[in-house]
Amino acid sequence: MAELSTVARPYAEALFSAARDDKAGLPAWADLIGELAHVAAQPDVREAMSDPRLGDAQRAELFTGLIQAQLPQAVRNFIELLVANDRLLLLPIIAKQFVALQNHHEGTAQAEITSAFELSDAQVKELVDALETKFGLKLKPSVTVDKSLIGGVRVAVGDQVLDTSVQAQLARLRDTLAA
Numbered sequence: 000m001a002e003l004s005t006v007a008r009p010y011a012e013a014l015f016s017a018a019r020d021d022k023a024g025l026p027a028w029a030d031l032i033g034e035l036a037h038v039a040a041q042p043d044v045r046e047a048m049s050d051p052r053l054g055d056a057q058r059a060e061l062f063t064g065l066i067q068a069q070l071p072q073a074v075r076n077f078i079e080l081l082v083a084n085d086r087l088l089l090l091p092i093i094a095k096q097f098v099a100l101q102n103h104h105e106g107t108a109q110a111e112i113t114s115a116f117e118l119s120d121a122q123v124k125e126l127v128d129a130l131e132t133k134f135g136l137k138l139k140p141s142v143t144v145d146k147s148l149i150g151g152v153r154v155a156v157g158d159q160v161l162d163t164s165v166q167a168q169l170a171r172l173r174d175t176l177a178a
């Protein structure tokens, strides 16, 4: 997978550079790139884009026709470039890297919070405030529920993971007893 992210990186950086200079703003571009990535990730679309009977112009036209949003000319050109270089199916990876570049530019980070139980808005805010102090970044939380944690939360910010779940504590206890 590292190879695909390496191939996708120059496209994400070029797209970010164009988006940063555009008057629409980074959030609008991030939404649009997210929609492109969502469409490109669909199995039917992946299959159609891999069809050898279609030419580059047909692939680009078919793909842009699937997008609900109005596409600026710069995005149409980007899609045509991806199709010409046979990189259209990398859009989900490009979008992920685009968001990472946007977060770095804004001094923010994505916080993937997994809880054993549903968290209220107040609980999420309190947790995010404590995490922002710890990491020194403005965090954008994404909360999911995973009952297998038994209790507690697992937080991933970039490549750092804080796991205070009961499941993790039991695993540490098991490892200690087995040693």
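With numbering that gives the first Met the number 0 applied, the sequence shown closes on residue 178, and no number is skipped along the way. The beta-carbon is built from N, C-alpha and C at its ideal position, and this holds for glycine as well.
Taking a C-beta distance under 7 Å as the contact criterion, Val-142 and Leu-118 qualify as a contact pair.
Secondary-structure assignment with DSSP links Pro-140 through a beta bridge to Ala-110. Taken atom to atom, the span from the alpha-carbon of Pro-91 to that of Tyr-10 is near 12 Å. The straight-line gap separating the alpha-carbon atoms of Leu-87 and Asp-55 is approximately 11 Å. Phe-97 is the residue among Asp-120, Ile-112, Asn-102 and Phe-97 whose C-alpha sits nearest the C-alpha of Arg-8. Fewer than three pairs of CB atoms, one per stretch, sit closer than 8 Å, so the segment 31-39 makes no contact with the segment 107-114. DSSP places Arg-52 in the coil class of the three-state scheme, outside both helix and strand.
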